[in-house]
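From first to last, the protein sequence lines stand for chains A and B.
With our numbering, you'll find the first sequence wraps up at 729, consecutive numbering, no jumps.
With our numbering, you'll find the second sequence wraps up at 240, consecutive numbering, no jumps.
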Amino acid sequence: MNLYQRALASIVRRIPKTLILLIIVLILGNIMLSSLLIVQSVDETKEAMLRELPPIVSLSMDFEKYQELLEDGVMDIPWITFDDLENIERAAGKYIKSYDYSMRTGLQTDSLKRIEQEGGFSFGFGRQTFNCVGTQIPLFTALETGDAEIIEGRTFTQQELEQGSPVVIMSKELAAENDLVVGDTFTLECVISTFDANFQEVVLDTLHYDFQLIGIVQYKSMPAQEESRGGMFGGFDFERERLNNLLLPNRFIRDYNTKWMETISNYYGGAGGGFQEADFNPLTTVPSINYVLNSSEEFDQFVRLAATVLNNDLYVFTSQEDNFKNVAQPLESMRGILNYVFYITLGSSVVVLALVLFAFVRDRKKEIGIYLALGERKGRIILQLIIETVAVGVIGAALAVTSSTYLASVITNFMLPTQPVEETPAFMMMESVLAKIDYASILQSFNIGLDVITIVFFFIAIILTIIIAQLIASVYILRYDPKQIMV
Amino acid sequence: MAILTVKNLSHHYQDGDMRRYVLKDINVSFDLGKFYAILGQSGSGKTTFLSLLGAMDTIQEGSIEIAGTSYAEYDANAIRRNLIGMVFQSYNLIDYMTAVENVLVAMSITERELPQDRKTVAYNLLDYLGITRTKADRLVTRLSGGEQQRVAIARALATNVDIILADEPTGNVDESTETEIIEIFKMLAHKHNKCVVVVTHSQVVANEADVILTLRKGGLTQNE
Ligand SMILES: Nc1ncnc2c1ncn2[C@@H]1O[C@H](COP(=O)(O)OP(=O)(O)O)[C@@H](O)[C@H]1O
Ligand SMILES: [Mg+2]
Chain A
243 MNLYQRALAS IVRRIPKTLI LLIIVLILGN IMLSSLLIVQ SVDETKEAML RELPPIVSLS
303 MDFEKYQELL EDGVMDIPWI TFDDLENIER AAGKYIKSYD YSMRTGLQTD SLKRIEQEGG
363 FSFGFGRQTF NCVGTQIPLF TALETGDAEI IEGRTFTQQE LEQGSPVVIM SKELAAENDL
423 VVGDTFTLEC VISTFDANFQ EVVLDTLHYD FQLIGIVQYK SMPAQEESRG GMFGGFDFER
483 ERLNNLLLPN RFIRDYNTKW METISNYYGG AGGGFQEADF NPLTTVPSIN YVLNSSEEFD
543 QFVRLAATVL NNDLYVFTSQ EDNFKNVAQP LESMRGILNY VFYITLGSSV VVLALVLFAF
603 VRDRKKEIGI YLALGERKGR IILQLIIETV AVGVIGAALA VTSSTYLASV ITNFMLPTQP
663 VEETPAFMMM ESVLAKIDYA SILQSFNIGL DVITIVFFFI AIILTIIIAQ LIASVYILRY
723 DPKQIMV
Chain B
17 MAILTVKNLS HHYQDGDMRR YVLKDINVSF DLGKFYAILG QSGSGKTTFL SLLGAMDTIQ
77 EGSIEIAGTS YAEYDANAIR RNLIGMVFQS YNLIDYMTAV ENVLVAMSIT ERELPQDRKT
137 VAYNLLDYLG ITRTKADRLV TRLSGGEQQR VAIARALATN VDIILADEPT GNVDESTETE
197 IIEIFKMLAH KHNKCVVVVT HSQVVANEAD VILTLRKGGL TQNE
């Protein structure tokens, strides 16, 4: 009967004691492991989702702050400038793979047929309006994010982008509606007009552009949202409206906007007629500047550096990670709570186990006295007790491994709402290059799975907890002497 | 030749601010091959004396030598596992183990050279002391008091030590069992050349001993 045989005998022949310990470890282990599992699953889901998305950081205006400035009557709004963009590129270039931004304008023309909404919305002066979406680089943001895919033809060349050539990319639906194929040229007659004092339209200029269709895109549909499909917002289908977008070089839009501004300004009595200088800053039409980074691990470094260089409170950097955290708020808060639960359980396990094991040690006072009377070393007696409890603990932990997956999914179902707290409106989703993560798809990719590292970590945590608890409980033995069994 | 020599041994317990001496300046020696009985009334210090002999308590004044070497030079634990076998009034067996397992526990703790086949030795020893093979494989809680005490004696002998110390070993058994156990101790001393020291308050036990010592008022006297 050496130490190990003694430990084994004690485990298998003193079943009630073994069962009590087993149940305690099972309960504590389940709480610990299931919270550990959930924490790790949230992290994994986040990583997996972020891995799929390109590492993009968006620089955009903080609209609340802008609103405040307007309310305070601040005249010179600190708009972002091309100089700012160059400075950022110079300082943080090593993090940037590419960056793109999209200037915007609207063209009033009846030369193309729009894809209409079912509700029959119309804009402007009874004439059709096409949203023009500009592009700075050949691999523009929508292509980079996979939000759009060129299915026929090609993207812009560097030269077309620099010169602002009248080349256009459109959706396959719009092309079909107008019987256009890649390579076709078509003329757009565009009108610049305004209202007079009697709210009557005054046509100021009519421009003719000979466009060439160079590419056809297909848009990825927005994630389906509550009730109806994605685009609906107040009865207006933004997803359908997107099909009417004309993709053009930024330079073209910039030139057109300048022309428009001059025409209107002339009408209102020359330069300065109601317009401020900032209205001529082409970047004011840009919703966001989108930086594609070399690696998603460099979000923080890039943002810190770029924000310092920019030094403008009105603009904020947002990364995919920020966006994930926003949308996945319920997951993040669940993760936070269970992270605490894990450490609290771990800490209280030591206390609970130490108390229980202390009771066990007291109960075995006589047996320990006998070992001492037979000349056994105290260290070896404590070792025997540790072997016993660790063995039972490992069995308990192994059982917890099988049951905690189930428990974790029960907890998740209980803690996670099936609907997002706040739904991102579809038009925002389309406008922001980042807001492509939706709650439903997060929930879909969230699943509780055990991995080896978690199990190993859990076993180490349990074993260390038991050893510490047993050592605390065994302090009693140290001041125990064999003579006590003689009476 | 004396195997155990007690020199000027005194022992006291703290009674509030006062030291109360239980043993006072004891000088005695024990030889191999003899059966000693230490008589004394309850509370006279028998257990205290035996626990000092058995290295279960720390010596305060005086000394005890085993084969010429002072206890002070040994680790108390080592004396217990390698040099002495103890038998108690309340048997002190481990209740969730069988008789043979209890014997094997002692054999696994000692550092003495033991025969390879310990299990056989343990069974034979138990058999020699009247515990059959079937009983040897029973949990000790399912043996009678006398049988349990035989198991306890077997455990003390299993490490093949020269000295057996017993504290009122027949205190919990009936008269016929008492006689049988005393016979065992006599045999161990006379046939196996052990030094057997039995503490008792029973005159019957004392009458069988080679040497009777009486503990009274802290002093130990030999009856002639
Ligand atoms: N741990 C102790 N603390 C204080 N007094 C003790 C202790 N152990 C024994 N005594 C006292 O010492 C005396 C001798 O006790 P003991 O050696 O057990 O006697 P015996 O075994 O002869 O009955 C008794 O008066 C007892 O009360
Ligand atoms: Mg006594």
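Every residue gets a Cβ at the ideal spot worked out from N, C-alpha and C, and that includes glycine.
On a predicted model such as this, the values are computed, not experimentally measured, just so you know.
Per DSSP, cross-strand counterpart(s) of residue i
i        : result
B:Glu184 : None, per the DSSP bridge assignment.
A:Leu433 : Just to set this straight, residue 433 of chain A is Val in the shown sequence, not Leu. BP columns for A:Val433 point to A:Thr448.
B:His28  : B:Tyr37
A:Gln405 : A:Gln405 pairs with nothing; no bridge assigned.
B:Val22  : B:Val44, B:Ile80
A:Phe428 : A:Phe453
A:Gly395 : A:Gly457
A:Ile495 : Per DSSP, none; premise fails for A:Ile495.
A:Ser413 : A:Val459
A:Asn373 : A:Gly348
A:Ala390 : A:Tyr461
Boundaries of the beta strand (DSSP E) in which residue i is found, first to last residue
i        : result
A:Pro491 : 488-491
A:Ser300 : 298-303
B:Ser45  : 34-47
B:Thr237 : 235-239
A:Gln439 : Sequence inspection shows Ala at residue 439 of chain A; the Gln mentioned does not correspond to that position. Unbroken run through A:Ala439: none, as it is neither H nor E.
A:Ala334 : Not the beta strand (DSSP E): A:Ala334 falls in the alpha helix (DSSP H), residues 324-334.
A:Gly241 : Nothing about residue 241 of chain A can be reported from this structure: the residues present for chain A run from 243 to 729 only.
A:Leu354 : Segment: none, A:Leu354 is in no beta strand (DSSP E) and carries neither H nor E.
A:Gln350 : 346-350
B:Val212 : 211-216
Span separating the alpha-carbon of residue i from that of residue j
i        : j        : result
A:Asp326 : A:Leu295 : 27 angstroms
A:Asn553 : A:Leu354 : 44 angstroms
B:Ala115 : A:Leu268 : 34 angstroms
A:Lys608 : B:Met123 : 19 angstroms
A:Gln562 : A:Thr448 : 43 angstroms
B:Ala205 : A:Ile624 : 36 angstroms
B:Ser218 : A:Ala711 : 47 angstroms
A:Gly473 : A:Leu311 : Caution is warranted here: a pLDDT of 44 is assigned to A:Gly473, below 50, making its placement in the model unreliable, and the coordinate value is therefore given only provisionally. Taking the straight line joining both Cα atoms gives about 32 angstroms.
A:Ile392 : A:Leu385 : 8 angstroms
A:Leu455 : A:Asn655 : 51 angstroms
A:Ala418 : A:Ser283 : 45 angstroms
B:Asn188 : A:Phe700 : 51 angstroms
A:Ser470 : A:Ile684 : Confidence at A:Ser470 is low in this model, with a pLDDT of 44, below 50, so its placement is unreliable and no value can be given for it.
B:Leu172 : A:Tyr648 : According to the sequence provided, residue 172 of chain B is Ala. The question's Leu does not apply to it. Distance between the alpha carbons of B:Ala172 and A:Tyr648 is about 54 angstroms.
A:Ala596 : A:Ile714 : 6 angstroms
A:Arg606 : B:Tyr37  : 32 angstroms
A:Glu468 : A:Leu485 : Residue placement at A:Glu468 is flagged as unreliable, the pLDDT there being 48, under the threshold of 50; the coordinate-derived value follows with that caveat. Whole-angstrom Cα-Cα distance: 22 angstroms.
A:Leu264 : A:Ala682 : 40 angstroms
B:Leu181 : B:Ser60  : 18 angstroms
A:Gln626 : A:Arg721 : 17 angstroms
A:Gly457 : A:Cys432 : 22 angstroms
A:Cys374 : A:Thr397 : 16 angstroms
A:Ile506 : A:Val445 : 10 angstroms
Span of the alpha helix (DSSP H), counted from its first residue to its last, around residue i
i        : result
A:Leu275 : 257-294
A:Tyr613 : 607-615
A:Tyr718 : 694-720
B:Thr136 : 134-144
A:Tyr337 : No alpha helix (DSSP H) contains A:Tyr337, which DSSP labels as neither H nor E.
A:Arg742 : Residue 742 of chain A lies beyond the residue range present for chain A, which begins at 243 and ends at 729; the question has no answer from this structure.
A:Leu685 : 681-687
B:Val220 : 219-223
Distance cut-off 7 angstroms: residue i Cβ against heavy atoms of ligand 3
i        : result
A:Lys725 : Although ligand 3 was asked about, the structure shown includes only ligand 1 and ligand 2 as ligands.
Suppose only complete runs of 4+ residues qualify. What are the alpha helix (DSSP H) ranges in the region 619-647 of chain A, listed by chain order? none
Which residue spans inside the region 50-125 of chain B form an unbroken beta strand (DSSP E) run of at least 3? 51-55, 77-82, 100-103
Contained beta strand (DSSP E) runs [length at least 3] in the region 517-579 of chain A, N- to C-terminal order: 530-535, 557-561
Counting beta carbon pairs with one atom in the region 335-349 of chain A and one in the region 525-534 of chain A, are three or more of them shorter than 8 angstroms? yes
Decide yes or no for the touch test of the region 632-647 of chain A against the region 272-281 of chain A: beta carbon pairs closer than 8 angstroms, at least 3 of them. yes
Does the structure place the region 128-143 of chain B close enough to the region 193-200 of chain B that three or more beta carbon pairs sit under 8 angstroms? no
Touch check for the region 127-134 of chain B and the region 151-163 of chain B: three-plus C-beta pairs under 8 angstroms? no
Minimum length 3: unbroken beta strand (DSSP E) runs contained in the region 149-196 of chain B: 179-183
Taking contact to mean 3 or more Cβ pairs, one atom from each stretch, closer than 8 angstroms, check whether the region 493-504 of chain A and the region 417-429 of chain A are in contact. no
Counting beta carbon pairs with one atom in the region 36-53 of chain B and one in the region 220-229 of chain B, are three or more of them shorter than 8 angstroms? yes
Check whether the region 570-577 of chain A touches the region 313-321 of chain A, counting contact only when three or more Cβ pairs, one atom from each stretch, lie closer than 8 angstroms. no
For the structure I just gave you, are there three or more beta carbon pairs, one from the region 84-94 of chain B and one from the region 196-216 of chain B, closer than 8 angstroms? no
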